[in-house]
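I have placed the structure first, in the form of C-alpha cells, so that the comments after it can refer back to it.
Residue numbers (UniProt numbering): 1 to 471.
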C-alpha cells in the first residue's frame, strides 16, 4: 500500500513516526515464528469454539434417541440435522467466526445468521429433493436445528470463558499511531474484551499491531510493521472514537482493514505439499520417456553425462541438489569466461540478466530446443517429489545470481520453498534484470496463496508455448 495514493494525507509530525521508534528490528526467522505462533493460537481457539458449537448437536441427538413415540424422529431426521449443523459450522469457519477476533458484534451476528440460514437451506433442499422427506420431518429438523443454535449461545460463552481461564483467548496487540487515539483505543479494547484483542506495552510481545491514525504510515514504516508483525490492522472509526475515517462497513464489519502475512501455517504447507505431489507424481511418469529421449540426444551430440546436479539455495538457506538436463557443452564455464573477457557487450548483458541471447555454450539443436521449451527443467519433478522444491515458488538461482540481490531480500526468498515455476517465469523469464526480478518475486512472496499458485501453474503452459524470453 502506498501512502502517496491515500486521500488521508501525510502522517502528522510528532505522532505516528515517533511511536515507531520503539520497534526494534526483528530477524526474518523470528518474524516468521511469530506468524506461526499467531496461526497456532488462532487454531487452538478456533477448534475449541468449534467443538463447543458441535456439543449441542450431540446433546439434542442423544435426547431424541431416548424419547419414545410420538417424539422419536424418522430415519431421515438424523442425517438432515447433522448436515444442517455441519454446513453451519463450515460457513461460520469460512466467515472467520472461529475464533472471530476483531469483529464488531453486528458483523459476528450477521455472519452467524447467514451460516444458520445456509445450514437450514441445505438441509431442507436435500431432504425435499433427495430424501423425499415429509413436510413434518423437515419441520422437526428445523425446530431441532433452532434448538441447537440457542444452545450454542450458551456453549459458545462457556468455550470462550474456558479459553480466557487458560490464557488462550485473545491476541496480544500493540497499538500505535496518533498517541491520543492509540490511548483511547487501548481503553476501548480493555473494556470490550469480546473483540479478542489484548493491548500490551512491549512491542516484542505483540503478534498484531493496530494503527490508529487518520493517516497511513509512510511506505517504509508500513513495510517495517508488516515485516515485524504477523498482522497489521488499520483501525476503523468506532461509535465514540474517530480514528482514521475508515468505516467498518467498508470491509465487512471488521475492527479494521487487515494487512496479513500470506498464510504459511502447517495446514497451508500440507495443502501445498499435497498439490505438489498430486501434480509431480503423475507428471514424472508421463515425461519419463521424453527425458530419456532428450538424454540420449545430449549424449549423441556431446558425449558425457546427460544430467547435471548443481547446488542451489533452498528454504532457510539449505543447499539442495537441483537436477537438470544438460544443455551446454561440458566446458561451458571456461567458454563463458573466455567470452566475457573478450566481448564487452556480452559481459554487460551477462552482468544485467545473467543470461546471453547468443550463448555459444549451448548445444546445437537439442540444447536450444530444451531451453526454449523448458524441457530441461523436467528432472526437477524429482526434486519436488523429494520435498526439496515446490511446483510454484521463487526459482532457486545459482549463487552468483543470488549474490547480486540485496541481502535482506535474499533472506525473504529463503523463507519459502523454491519452485519449478513462478511468477517471474510466466511474466518475464530471461528478460528481467535483478531489480525487476526482486520486484516480481517480492510480489509473489507478499501475495502467495493456493489460488495464486494454481493461476501460475495454468499460466506456465501458455508461457512455455509462446516461448517468449526463453533462451
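Don't be surprised by glycine CBs; every beta carbon is placed ideally from N, CA and C.
Residue of 135, 236, 402 minimising C-alpha distance to residue 252:
Translated into positions along the chain shown, residue 252 becomes position 252. Looking at the Cα atoms, 236 is the closest of the given residues.
Where are the alpha helix (DSSP H) runs, 4 residues long or more, that stay fully inside the stretch 119-175, in chain order?
135-165
Within its chain, find whatever has a CB closer than 7 Å to the CB of residue 158; leave out the 5 residues flanking it on each side and keep chain order.
The sequence position of residue 158 within the chain shown is 158, counting from 1. Excluding sequence neighbours, residue 158 sits near 52.
Residue 328 burial status per 10 Å Cβ neighbour count (16 or more: buried)
For the purposes of this step, residue 328 is taken as the residue at position 328 of the chain shown. Burial call: buried.
Identify which residue in 369, 275, 250, 401 has its Cα closest to the Cα of residue 104.
In the chain shown, the residue the question calls residue 104 occupies position 104. For residue 104, the nearest C-alpha among the options comes from 250.
Put residue 101 into one of helix, strand or coil per three-state DSSP.
In the chain shown, residue 101 corresponds to position 101, counting from 1. Coil at residue 101, not helix or strand.
As assigned by DSSP and simplified to three states, the class of residue 417
Position 417 of the chain shown holds residue 417. Three-state result, residue 417: coil.
Could you tell me which residues DSSP pairs with residue 254 in its beta bridges?
Position 254 of the chain shown holds residue 254. 103, per the DSSP bridge assignment.
Can you check whether the CB of residue 313 is closer than 8 Å to the CB of residue 402?
Within the chain shown, residue 402 is the residue found at index 402, counting from 1. Within the chain shown, residue 313 is the residue found at index 313, counting from 1. In this structure, residue 313 lies closer than 8 Å to residue 402 by Cβ.
Expressed to the nearest angstrom, what Euclidean distance is found between the alpha-carbon atoms of residue 232 and residue 40?
Translated into the one-based positions of the chain shown, residue 232 becomes position 232. Translated into the one-based positions of the chain shown, residue 40 becomes position 40. Near 18 Å, if we compare the C-alpha coordinates of residue 40 and residue 232.
Quick one: measure Cβ to Cβ for residue 244 and residue 213, integer angstroms, because I've assumed they're closer than 8 Å.
Position 244 of the chain shown, counted from the start, is the residue given in the question as residue 244. Position 213 of the chain shown, counted from the start, is the residue given in the question as residue 213. 6 Å between Cβ atoms; contact.
Taking the alpha carbon of residue 363 as the point to measure from, which residue in 301, 338, 393 has its own alpha carbon closest?
As a position in the chain shown, residue 363 is number 363, starting the count at 1. Comparing Cα-Cα distances from residue 363 to each of 301, 338, 393, the minimum goes to 301.
So, with DSSP's three-state summary, where would you put residue 281?
Mapped onto the chain shown, residue 281 falls at position 281. Helix at residue 281.
Would you kindly work out how many angstroms separate the C-alpha atoms of residue 118 and residue 178, rounded to a whole number?
Here the question's residue 118 lines up with position 118 in the chain shown. Here the question's residue 178 lines up with position 178 in the chain shown. Cα to Cα, the separation comes out at about 42 Å.
How would you label residue 309, buried or exposed, when you count the other beta carbons within 10 angstroms and need 16 or more for buried?
Residue numbering aside, residue 309 sits at position 309 when the chain shown is read from its first letter. With fewer than 16 other Cβ atoms within 10 Å, it is exposed.
Between which residues of its own chain and residue 360 is the CB-CB distance below 8 Å, once the five residues before and five after are set aside?
Along the chain shown, read from residue 1 onward, the residue named residue 360 stands at position 360. Closer than 8 Å at the Cβ level, and outside the excluded window around residue 360, lie 335, 339.
Given a cut-off of 8 Å, decide if residue 80 and residue 141 are closer than it, judged by their beta-carbon atoms.
By 1-based counting over the chain shown, the position of residue 141 is 141. By 1-based counting over the chain shown, the position of residue 80 is 80. It is a contact, given that the beta carbons lie within the stated cut-off.
Thinking just about the alpha-carbon of each residue, which of 195, 123, 136 is nearest to the one in residue 97?
For the purposes of this step, residue 97 is taken as residue 97 along the chain shown, with counting starting at 1. When each option's Cα is compared against that of residue 97, the closest is 195.
Going by the CB atoms, is the gap between residue 171 and residue 197 shorter than 8 Å?
Along the chain shown, read from residue 1 onward, the residue named residue 197 stands at position 197. Along the chain shown, read from residue 1 onward, the residue named residue 171 stands at position 171. Yes, the pair counts as a contact, with Cβ atoms nearer than the cut-off.
Quick one: residues in its chain with C-beta nearer than 7 Å to the C-beta of residue 42, no 5 flanking neighbours on either side, listed in chain order?
Here residue 42 refers to the residue found at position 42 when the chain shown is read from its first residue. Correct list, in chain order: 99.
With distances taken Cα to Cα, identify the nearest neighbour of residue 325 among 446, 123, 268, 367.
On the chain shown, residue 325 is found 325 positions in, with the first residue counted as 1. Checked all of 446, 123, 268, 367; the closest Cα to residue 325 is 367.
Applying the 10 Å Cβ sphere with the 16-neighbour rule, what's the burial state of residue 319?
One-based indexing of the chain shown puts residue 319 at position 319. Exposed, since its Cβ has fewer than 16 Cβ neighbours within 10 Å.
Measure the C-alpha to C-alpha separation of residue 228 and residue 58 and round it to an integer number of angstroms.
In the chain shown, counting from the first residue as 1, residue 228 sits at position 228. In the chain shown, counting from the first residue as 1, residue 58 sits at position 58. Approximately 43 Å, taken between the alpha carbons.
Considering only the beta carbon of each residue, do residue 417 and residue 442 sit closer than 8 Å?
If you number the chain shown from 1, residue 417 lands on position 417. If you number the chain shown from 1, residue 442 lands on position 442. The answer is no: Cβ separation not under 8 Å.
In whole angstroms, what is the alpha-carbon distance linking residue 448 and residue 413?
Here residue 448 refers to the residue found at position 448 when the chain shown is read from its first residue. Here residue 413 refers to the residue found at position 413 when the chain shown is read from its first residue. Spanning the two alpha carbons is a distance of roughly 12 Å.
Environment of residue 270 [buried if 16+ CB atoms lie within 10 Å]
Here residue 270 is taken as the residue at index 270 of the chain shown, counted from 1. That one is exposed.
Pairwise C-alpha distance: residue 174 and residue 290:
Translated into the one-based positions of the chain shown, residue 290 becomes position 290. Translated into the one-based positions of the chain shown, residue 174 becomes position 174. Using only the alpha carbons, I get a separation of about 56 Å.
DSSP state of residue 200 mapped onto helix, strand, coil
Counting from one through the chain shown, the residue named residue 200 turns up at place 200. In this structure, residue 200 counts as coil in the three-state DSSP scheme.
For residue 496, the nearest candidate out of 210, 137, 451, 457 (CA to CA):
Any answer about residue 496 is impossible in this case: the structure gives the chain only from 1 up to 471.
Rounded C-beta distance between residue 88 and residue 116? I'm assuming under 8 Å.
To locate residue 88, count along the chain shown from 1; it is residue 88. To locate residue 116, count along the chain shown from 1; it is residue 116. Rounded, the Cβ-Cβ distance is 6 Å, consistent with contact.
So residue 212 is in the beta strand (DSSP E); what residue range does that whole segment cover?
Within the chain shown, the letter at position 212 stands for residue 212. From DSSP, the beta strand (DSSP E) with residue 212 extends over 208-212.
Nearest-angstrom Cα separation, counted from residue 239 out to residue 163:
As a position in the chain shown, residue 163 is number 163, starting the count at 1. As a position in the chain shown, residue 239 is number 239, starting the count at 1. The alpha-carbon atoms of residue 163 and residue 239 are separated by roughly 28 Å.
Compute the beta-carbon to beta-carbon distance between residue 464 and residue 373, rounded to the nearest angstrom, for a pair I have assumed lies under 8 Å.
Position 464 of the chain shown, counted from the start, is the residue given in the question as residue 464. Position 373 of the chain shown, counted from the start, is the residue given in the question as residue 373. At roughly 6 Å, the Cβ-Cβ gap stays under 8 Å, so residue 464 and residue 373 are in contact.
Would you mind working out which of 365, 457, 461, 405 sits nearest residue 437, comparing C-alpha positions?
On the chain shown, position 437 is the one that residue 437 refers to. Comparing Cα-Cα distances from residue 437 to each of 365, 457, 461, 405, the minimum goes to 405.
Using 10 angstroms around the beta-carbon of residue 169, count the other beta-carbons present and answer buried if the total reaches 16, otherwise exposed.
Taking the first residue of the chain shown as position 1, residue 169 is located at position 169. It counts as buried.
Quick one: does the C-beta of residue 256 sit closer than 7 Å to a heavy atom of the ligand GTP?
The ligand GTP is not part of this structure, which contains no ligands at all.
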